[in-house]
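A.B. asks: In this note's numbering, the protein residues as written are 88 to 452.
So that we are looking at the same thing, I have put the structure below in structure tokens.
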Ligand code: SF4
């Protein structure tokens, strides 16, 4: 619970100060000029776990390619994934597409206004539903994101662990008491922007803060303790060995990754994963019939340097082994049915993990 010596009092004053600060200090971002729920939704999905500077060009590209929810719904999934390439978290892109389709098919192309109904759409959680309901439809629903957790925890001395399952409800309740019901859209923008620019994680600008007088953390010198967050989940290390099989005319063998692991639906090469280490030579890998056959037909493979790639809870260590094979050699091999040949220009067009894209930029066939 928040500290008893500083309950949520002066909520009007705090909200007014946040809005006043926002009107004088906010960044001019394209989606802020819009009340169109499609644009607001698109920007929120792109910006989840992405910095504004990184997300901005993606937002512009998506709006250009798909100016309406109908246009996005009608696009092939591969094309949407291709446009998303580089942002990571590809499940978000698939949900984005599924959501557009659902809005068109089940809501006649019009985003629902209700906070609860919005959450029934794919990829729309509590935060995004609150953002759409308030920014597009002026509903008094507080947004709660990382910035809001921090600002509220500091202002009210709220010590609930923000990684705990009950945290959202605690902070949502505080937000509900604080939100300006006349202008919930501006209030929500204000508190998020204040957290992003002023009450920042490591160097909050307390000396110039309009909320000094109302801030529990400032009064008790606890800015660097709040918000309370328990440690992140451990990182899993994985070791990928890709067999890059290339024909004499430069075509490469790739497949769309299946469900149940990272990068679902993105294209990569034949993969052998080992449990403990990244090998320098494929001979060190465990028996694999295709690898054995490749080594017999073409012992002169090219090994790439080691690549490493960070995902949210996984660190990948990766090496590529390039096998160039003549037509008659290829005829002796049997590939799993999901593998397809792509020319370099075709491979350019299909959605791929950034790691694969980087390798293709580095390698010469
Ligand atoms: S005084 Fe410091 S900790 Fe408190 S709201 Fe302002 S910037 Fe944040």
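For every residue, glycine included, the Cβ atom is placed at its ideal position computed from N, Cα and C.
Threshold first: 3 residues or longer. Then list the beta strand (DSSP E) segments lying entirely within the region 312-391, N to C.
C.D. replies: Qualifying beta strand (DSSP E) stretches, in chain order: 323-334, 339-343, 357-361.
A.B. asks: Can you tell which of 264, 165, 215 has the C-alpha that lies nearest to the C-alpha of residue 100?
C.D. replies: As a first step, residue 100 must be located in the chain shown, where it is residue number 13. Distances from the alpha-carbon of residue 100 to those of 264, 165, 215 put 264 closest.
A.B. asks: Ignoring anything shorter than 4 residues or poking outside the region 170-236, list the alpha helix (DSSP H) runs there in chain order.
C.D. replies: 177-193, 202-205, 213-224
A.B. asks: Does chain B have any CB closer than 8 angstroms to the CB of residue 112?
C.D. replies: The structure shown contains no chain B; it is built from a single protein chain.
A.B. asks: Collect the residues with a C-beta less than 7 angstroms away from any heavy atom of the ligand SF4 and give them in sequence order along the chain.
C.D. replies: 238, 241, 242, 285, 286, 291, 292, 293, 296, 298, 299, 302, 304, 305, 310
A.B. asks: When DSSP builds the beta bridges, which residues end up paired with residue 156?
C.D. replies: Along the chain shown, read from residue 1 onward, the residue named residue 156 stands at position 69. Residue 156 pairs with nothing; no bridge assigned.
A.B. asks: Pop quiz: residue 402 and residue 395 are said to be a contact at Cβ under 8 angstroms. What is the actual Cβ separation, rounded to whole angstroms?
C.D. replies: For this step, residue 402 is matched to residue 315 along the chain shown. For this step, residue 395 is matched to residue 308 along the chain shown. Rounded, the Cβ-Cβ distance is 7 angstroms, consistent with contact.
A.B. asks: If you draw a straight line from the alpha carbon of residue 339 to that of residue 399, how long is it in whole angstroms?
C.D. replies: Here residue 339 corresponds to residue number 252 of the chain shown, with the count starting at 1. Here residue 399 corresponds to residue number 312 of the chain shown, with the count starting at 1. Straight-line Cα distance between these residues: approximately 29 angstroms.
A.B. asks: If you compare alpha carbons, which of 191, 361, 218 is closest to residue 203?
C.D. replies: For this step, residue 203 is matched to residue 116 along the chain shown. Nearest option by C-alpha distance: 218.
A.B. asks: Using alpha carbons as the reference points, say which of 328, 268, 452, 216 lies closest to residue 378.
C.D. replies: On the chain shown, position 291 is the one that residue 378 refers to. Nearest option by C-alpha distance: 328.
A.B. asks: Below 6 angstroms CB to CB, which residues in the same chain sit around residue 266 once its five sequence neighbours on both sides are set aside?
C.D. replies: Locating residue 266 in the chain shown gives position 179, counting from the first residue. 227, 229, 274.
A.B. asks: For the alpha helix (DSSP H) that contains residue 432, what are its first and last residues?
C.D. replies: Within the chain shown, residue 432 is the residue found at index 345, counting from 1. It spans 431-436 - the alpha helix (DSSP H) in which residue 432 sits, taken as one unbroken run.
A.B. asks: Return the CA-CA distance between residue 445 and residue 118, expressed in angstroms with no decimal places.
C.D. replies: Start at 1 with the first residue of the chain shown, and residue 445 comes out as number 358. Start at 1 with the first residue of the chain shown, and residue 118 comes out as number 31. Using only the alpha carbons, I get a separation of about 31 angstroms.
A.B. asks: Kindly list the residues whose CB is nearer than 6 angstroms to the CB of residue 222, restricted to its own chain and excluding five residues on each side of it in sequence; keep chain order.
C.D. replies: Residue mapping note: residue 222 aligns to position 135 of the chain shown, counting from 1. Around residue 222: 127, 272.
A.B. asks: Taking the alpha-carbon positions, what's the residue 175 to residue 135 distance?
C.D. replies: Start at 1 with the first residue of the chain shown, and residue 175 comes out as number 88. Start at 1 with the first residue of the chain shown, and residue 135 comes out as number 48. Our two residues, residue 175 and residue 135, have alpha carbons roughly 11 angstroms apart in a direct line.
A.B. asks: Have a look at residue 125 and residue 385 and give me their C-alpha separation to the nearest angstrom.
C.D. replies: Counting from 1 along the chain shown, the entry for residue 125 is found at position 38. Counting from 1 along the chain shown, the entry for residue 385 is found at position 298. About 53 angstroms.
A.B. asks: What would DSSP say about residue 61, mapped onto helix, strand or coil?
C.D. replies: Nothing can be reported for residue 61: it is not among the residues displayed for the chain, which extend from 88 to 452.
A.B. asks: Kindly list the residues whose CB is nearer than 8 angstroms to the CB of residue 235, restricted to its own chain and excluding five residues on each side of it in sequence; keep chain order.
C.D. replies: Walking along the chain shown from the start, residue 235 turns up at place 148. Around residue 235: 229, 258, 262, 278, 279, 282.
A.B. asks: Tell me, please, which residues DSSP counts as bridged to residue 428.
C.D. replies: As a position in the chain shown, residue 428 is number 341, starting the count at 1. Residue 428 pairs with 340.
A.B. asks: Is it a yes or a no for the region 153-171 touching the region 244-255, going by three-plus beta-carbon pairs under 8 angstroms?
C.D. replies: no
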